[in-house]
Each structure stands twice: as structure tokens, then as C-alpha cells.
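Counting from 287, one number per residue, gives the positions in the sequence shown under our numbering.
A short worksheet on the structure shown next.
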Amino acid sequence: MSASQHPTADPEPPRKLRRLTQSAPPNQAVGATAVLNSMRHIQAQAGLARGTKALLRANQKGGFDCPSCAWPDPDDDRSSFEFCENGAKAIATEATRKRATPELFAQHTLADLAAWSDFELNDAGRLTEPMVLDAGATHYRPIAWDDAFALIAEELNATDPNEAIFYTSGRASNEAAFLYQLFVRQYGTNNLPDCSNMCHESSGAALKMTIGIGKGTVTLDDLEHTDCVMVIGQNPGTNHPRMLTSLEKTVKNGGRIVSVNPLLETGVKAFAHPQKLSGLLGVATPLQSLHVPVRLNGDLPFVKGLLKCVLEAEAAQPGTVVDRKFIAEHTEGYEQLIAALAEVSWPDLCQQSGLTVAQIREAAAVFISAPECITCWAMGLTQHHNAVETIQELVNLHLLTGKIGRPRSGLCPVRGHSNVQGDRTMGIWERPPPPFLDQLDAEFGFKSPRAFGYDTVEAITAMHEGKARVFFALGGNFLSASPDTHYTAAALRRCALTVQVSTKLNRSHLITGQRALILPCLGRTETDLRNGQPQFVTVENSMGVVHSSEGKLAPASPHLLSEVAIICCLAAATLGERSTVPWAALAQNYDLIRERIERVVPGFDKFNLRIHQPGGFYLPNGVKERRWDTKTGKARFTVNPLNPLKLEPGQLLLQTFRSHDQFNTTIYGHNDRYRGITNERRVIFLNREDMRERGVEPQQPIDITSHFQGETRTAELFLAIPYDTPKGCAAAYYPEANVLVPIGAKANISQTPTSKSIVITITPSTG
Ligand code: SF4
């Protein structure tokens, strides 16, 4: 099919500039401004009555789980306002009164809608009815649910299962995810890429190989009572804002915060508690006691420097720093690590990390002097070519000192999407472990496929090479979240059918296969009645707590179906007699789904009983009992060679990141108040000296070109913003900058796109 059939639906957001103002980043986060902003969004979208009703149930025991990030809720005392500013924005746009009705699609072609900004697409409101795009059509039209399922079933049954791709975004509930993977495996493939492939896959891979579990090993109580928290490659103020409440408790309990990030982010400077009068009056608790301005992709040499400092401190006072008893009992590979560290030179570590020895020693001193320490991280570590190696070096640090597998010490990859961890636990994985498939087959009496499927990058490549005919997305905004926007757009357009299960309009609805469907589903905030009985779903947060989520708002439209119902109807329509799974019954009573999960997924015994415990339950985590589910039953030290990126003269490294007015690819506004940016997203943050050397003036329009294995990709019209970022390091928002991320630029082992270290050059805009 040629692009001409869907003329000019540009996969990129509109490339036009707005009038920007830049001010100094604030010295404190949250405070009264966050409260006002939250209420402004609630008022503008849902209205005070509906919006406040939703907010008061957010993250409450028996309430619904915030559809945004995966920061855990307190086990015990919860505030009546257990949400943050960005949680409020997410809830506001889900509970919005605005509707994207069939009339909207009748008025606008795909090309018209593609000219809208991502903010305008999201602001169109909640989808209300299933919509279909016929081959060659320029407009979506309404379709009945049964016809939609029949259309998909016909296409799937005319397709080799390994030419169909089933993507999952991290918002899908455990029940929906479990049934989705069951349907897809009964259909005959493991093509189950998910958003985790693009975010914490590097964490899962590194941790699974070294400590035997691909998840964090600590609790919220551990974090709030530890002596040191290292926050590396993470911006909690915007991406996990309630974490600041916990970090304030850490500080008040005597702990120290070390932030390791090219940028000094406002969130870790100081926290004005919005639920305290003092906080509303602007009195803030200083959080970080040390900022380490590591350069982009400088984390591996930095952590190696910490390890060398640990060994030096141990040599100075034997038996006081290195936990030899723990090492002897629980680990392997110690000797190889020590030998390798001896070979590493400080000049190399400093040159590659962009830090001085003194800066590394200062951070090491905080870590070493802290009896207990927890390291938290996010995309700033996971989206680099050597991400897995860097995270394994962090594991080395905690193993060497024994600061793991005991209270108040351990590792904490902080997930960015509310149930991304739960989806993986439910089997959403293109590389499923055989024991899981054996359990699944035994429970449902079929033989699941064993060949590994496509991860996200492989799925895009397969579509681009014409090896995939059907793309189905359970939530998300695949096009905008993926790397290499134009390549991904061309890939999607090669499909015979693309299907999106969504709550709101986004750019992935506009870049389609020959035919396309939009299937509108219920949101987390909404009541899900089956046979007149309210149903609840479950999710798993970053710290391995499984808890219920039940919405109470009236659905945005009477035509919406839950994710569970959509999957059950689709499976029944596609598999027919081939499946013995009672899809219709499971769709009517989610307890029946949980009964099946109990028997297939480890750690979910007595699921239907325990899920009614207020706050839910913790999944087993061997590391907490110092049990290592690795090949050898030991925690493993690893040797990770330095392998820095080589830049040509004039080249810079670019990271893509979020503004404070976005969640993943959902754009709530054009401001980024924690970085002093108002009213524009097409900006690139640059080191002032880098600007001077290139004769670039503040707010000068420039084009950005990425360089990868002789290929170049250009994103036009970004305003140059002078900013405190290490020399040679730049930053721009995604999805705008995803145009620059080469499909082939992936992390070793995890294949995660390297969106945090893209080699670029900048030139004055010609546009
Ligand atoms: S911290 Fe995350 S989960 Fe909690 S309210 Fe904010 S966005 Fe939602």
C-alpha cells in the first residue's frame, strides 16, 4: 500500500515555533504551585465535582491506581490526597468531559488531525465508539464492536501468527495482560513486545543475570529509613513526584540524598510539602546533599570510580567497608572483579565520566559512610548502549559492601508506567521462560509456542521489512513512543491492519496500516460493571506490591468496553472452537481470571483472598532473604569493560527526556516549570560554551542531525536554550526528538533504544 492512500498524515508533530519565555529553574519543587496546577487541570478537564471525586479515590485502599507512574503507595497511613501534580493531570485528562466522537472523525481527515499538536490530539478528549478506517479512506467511520472483532479475526486467521504483533503499554491491568498473552500464545506466537523493551529492559536483564530477579529489592519503608539514597539517571520531581515525599522522610530520618545526573533537576533540590501549611507557604526541605554532574553516558566509569574508592577505603581500614563474610557466603566472581578494577585508570574514569577524582571521591564517601544505602534509577541509566553493564556495576557496588538483601539497603529501578512491572509478571514477554509456558500449557491444555518473538525494535524492523501484516496495540502511543519516528511510521504503513485499544486520541491513530481500527476502552477511574457487578483489576508497583484498582466514575461513553472484555471478545472471535478457554465467563467475572493466575504465575497463591487485604500484598523477592535465583544460586559479580562512545569533533551527545507537562507521550501542556521553560516544546538545552563555540544565540532556531553508522536523521526547528548541562551534552523532549533516535541504536543484551546518548550535530535552521 502506498502512503498516497493516507496522504500527508505526517508522523511528526507540527514543526512550528511558539513564543517561548525562559527563566531560571526554581530552587524548590511542588509547593502551592503544584496544588494550583493540579486544580487548574482538574477544573479545565473534568470539572471540580467529577475531578475531585476521582482525586479522592486515587491510590486509596479500595480506590483506583493512578494511571501514570508506578511509584508505590504507603503500606499504612495514606493521605486523603495520595496523588501528585502529574497524577492529577493524568486523572484529569482521563476523567475529562471532552469527547472525541464519530462527528470529530467525520469532520477531519487523518491528514487534518496529523496537523494537530500532540497536546491538541490528547485534548480532544475521550474516545466514545469503535472506529474503522477502510482501505484507501481518508476518514475513520463508526463500526459495531462485533463487526470490529470479526474484521480483526478474519485478518488474523488469514495471517501466519508470526506475522502478527501484539504490543502492550504499561497501563494494562494484570487481568488484561494475563488474558492477552494467553490469547496471543493460543493464537500461535510470542510476538509480545511491550513498553518495557524501551524503558527498564536493561534493568531486568542486568538484575536477572546477577541477583536472580529483574525487579527492585526494597520497600518504601526501607527507602524512608535508609542512610543514603543514590538517585542516578532519574528525575523524580517530574516522573515519580510522590517519591519526593519519601525522600523528605529519608532526610528527616537522617539519611542523605546523592543525585547523579547531567542536569541539576529541581525535584531533588528541595521539596515544599503541599499538604503542610509550611510547604504551601514556600518552606521547603532541602533534599540532595550532593549533586554529581556526570556527563551523558558517563555513569559506568563513575560507578567504577566508586568501586575503586571502596577498595581504597577498605585497604586503609581492612574489614570496615568490604563485606567479606557476605561475599564468601553469597557471591561468586569477586577475584575477577578486583583484578579488573586494578586495571582501570583514574584518568580514563575522569575523562569518560566528565568528573574529577574529587567529585567521585566525595560521592563515594557518602556511600561508604552510610551503614545502609539504596540506589534508585530510571531511563538515565537504561537507555544507553552499555546500560546493562552500568547497572551490573551498581550491583557490584552493593554486593561488595553487602548493602543488599537486608533492611534499608538494596536496588530500586523505578518504573515509569503504572503496571509495566505487572505486565511482565503476567507473561507479557517476547522471551518467555519455559517454566511459565509449561504452567500455562498445563492450566489451559494447549501447547504454547516456544520460539522467542519480536521485542519492540525487532517488531518495527519486521514490519518495515514487510514480515508483519497485523499490528495490535493494547494501549499506548506506539508510534510516538518508539525510536526513529519516520522509519516506524513507514513500518506501520506496511501492515494490512493496525489496531489501537485506547482511551484518547493520539498520533498512532493517524499513521496506520491499509485498514485500521480504534477500540475505545474504559479508564482506570471508571466503573466496570459486568452483569451489573462492579469488577476490579489489579496492578503491581515498582516495589512488587500487588493491589487492587477499582474506578467509580461513570464511564465516558456507554459504548466503551474494558480491556478484559475486548481481549475476551477478540479471542473468542479469532480462536473459536480452537480454544477451550471460557472467554465469555472470564469476561463476566474477574475473580475467575485471578483463579487461573493463582495456578500459573508464581507468588499469586490465594490471589482472590489476599487481594482483598487493604493495600494488597508483596510478591516474593528472594533477594530480601538473600536467596539468589541465578544459574549458580549465587549473586554474581561481573566484569564490565569501559566502552565509551567515540565522538567526532563538533559532535555532541543528546538525551531525550520529558517536560513537567507530559507523561510518556501524553502532552498536558507546553510548559516545563522545573526547568524555567514556558510555552514551547521544540527546544534543545545546550551547554553555554558549546553554543558560543558554534556561534549559536539563545533561542536561535536550529536543526538537529543525528549520526549513526554513516546514517543521518534530522529534526528541524528547535530553539537553542542555554542551560547548566555538562559540556558536550544536550537534551530535548520526546516524542519530538525521537525522529533522531536510530532504530539500530540499541543497548547490548537488552536491545533498549539508546535514547539517552544520541550522537548529534546542530546547525542554524534553514526553515
Ligand atoms: S507519583 Fe506517580 S503514581 Fe503517584 S500520583 Fe504521581 S504520577 Fe501517580
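Just so it is clear, CB atoms sit at the ideal spot from N, CA and C, and this is done for glycine as well.
If you're wondering where the values come from, they're calculated on a predicted model, not measured in any experiment.
Backbone CA spacing between residue i and residue j [nearest angstrom]
i       : j       : result
Glu449  : Thr475  : 9 Å
Tyr1009 : Phe971  : 6 Å
Ile953  : Glu298  : 14 Å
Ala871  : Glu849  : 15 Å
Ala851  : Val887  : 21 Å
Lys494  : Arg457  : 23 Å
Phe738  : Ile988  : 43 Å
Thr512  : Glu406  : 43 Å
Ala340  : Ile377  : 7 Å
Asn792  : Asn408  : 6 Å
Thr445  : Lys753  : 11 Å
Phe994  : Asp634  : 24 Å
Gly908  : Arg581  : 34 Å
His670  : Thr1038 : 8 Å
Gly710  : Arg974  : In the sequence on display, residue 710 carries Arg and not Gly. Approximately 42 Å between the Cα atoms of the pair.
Ala776  : Leu847  : 30 Å
Ser575  : Gln520  : 16 Å
Ala673  : Asp404  : 30 Å
Asn796  : Leu442  : What sits at residue 796 in the sequence shown is Leu, not Asn. Roughly 22 Å separates the two Cα atoms.
Val1025 : Ser1036 : 21 Å
Glu1061 : Gly411  : With the chain represented from 287 up to 1053, any question about residue 1061 goes unanswered, as that position is not in the structure.
Asn1034 : Ser488  : 9 Å
Ala320  : Arg959  : 10 Å
Thr991  : Asp609  : 48 Å
Thr503  : Ala397  : 47 Å
Gly605  : Ala656  : 15 Å
Ile897  : Phe903  : 7 Å
Ala856  : Gln725  : Here the sequence assigns Leu to residue 856, which means Ala is not the residue at that position. Rounded to whole angstroms, Leu856 to Gln725 spans 23 Å at the Cα level.
Ala335  : Leu839  : 11 Å
Phe452  : Arg471  : 10 Å
Val1076 : Asp947  : With the chain running from 287 to 1053 in the structure shown, residue 1076 is simply not present.
Chain-order list of residues whose beta-carbon lies under 6 Å from that of residue i (same chain, five-residue window excluded)
i      : result
His559 : Gly565
Ala318 : Leu566
Asp362 : none
Thr676 : Asp585, Leu586, Leu667
Arg880 : Phe893, Asn894
Pro312 : Thr552
Arg978 : none
Residues near residue i in its chain [Cβ-Cβ closer than 7 Å; skip 5 each side]
i      : result
Trp715 : Leu478
Pro358 : Leu506, Asn827, Ser828, Met829, Val831
Ile853 : Ala462, Leu465, Tyr466, Phe469
Asn929 : Asn672
Gln638 : Gly584, Pro587, Leu928, Pro930
Ser309 : Gly962
Thr395 : Thr424, His425
Same chain, Cβ closer than 8 Å to residue i, neighbours up to 5 away in sequence not counted
i      : result
Gly333 : Arg383
Val515 : Leu509, Leu533, Thr536, Gly541, Arg542, Ile543, Val544, Cys659, Ile660, Thr661, Cys662
Pro416 : Pro428, Ile429, Ala430, Trp431, Ala434, Leu803, Ile804, Leu805, Pro806, His845
Asn875 : Arg816, Asn817, Gln819, Gln821
Classification of residue i by the beta-carbon crowding that lies within 10 angstroms, buried from 16 upward
i      : result
Ala602 : exposed
Arg304 : exposed
Arg736 : exposed
Asn483 : buried
Leu697 : buried
Leu563 : exposed
Asn323 : buried
Lys538 : exposed
Asn345 : buried
Asn705 : buried
Pro353 : buried
Ala745 : buried
Thr531 : buried
Arg717 : exposed
Pro579 : buried
Contact between the segment 677–690 and the segment 794–813 is defined here as three or more beta-carbon pairs at a separation below 8 Å; is this criterion met? no
Per the contact definition of three or more C-beta pairs closer than 8 Å, is the segment 752–769 in contact with the segment 781–797? yes
Cβ contact (3+ pairs, closer than 8 Å) linking the segment 910–928 and the segment 608–621: yes
Would you call the segment 588–602 and the segment 623–637 in contact, with 3 or more CB pairs under 8 Å? Judged by pairs of C-beta atoms under 8 Å, the segment 588–602 touches the segment 623–637, as three or more such pairs exist.
Is it a yes or a no for the segment 919–928 touching the segment 495–505, going by three-plus beta-carbon pairs under 8 Å? Using a C-beta cut-off of 8 Å, the segment 919–928 makes contact with the segment 495–505, since at least three inter-stretch Cβ pairs fall below that distance.
Please determine if the segment 1042–1051 and the segment 978–986 are in contact, where contact requires at least 3 C-beta pairs separated by less than 8 Å. yes
Inter-stretch contact (C-beta, 8 Å, three-pair minimum) for the segment 364–381 and the segment 860–878: Per the Cβ contact rule, the segment 364–381 is not in contact with the segment 860–878 (fewer than 3 Cβ pairs under 8 Å).
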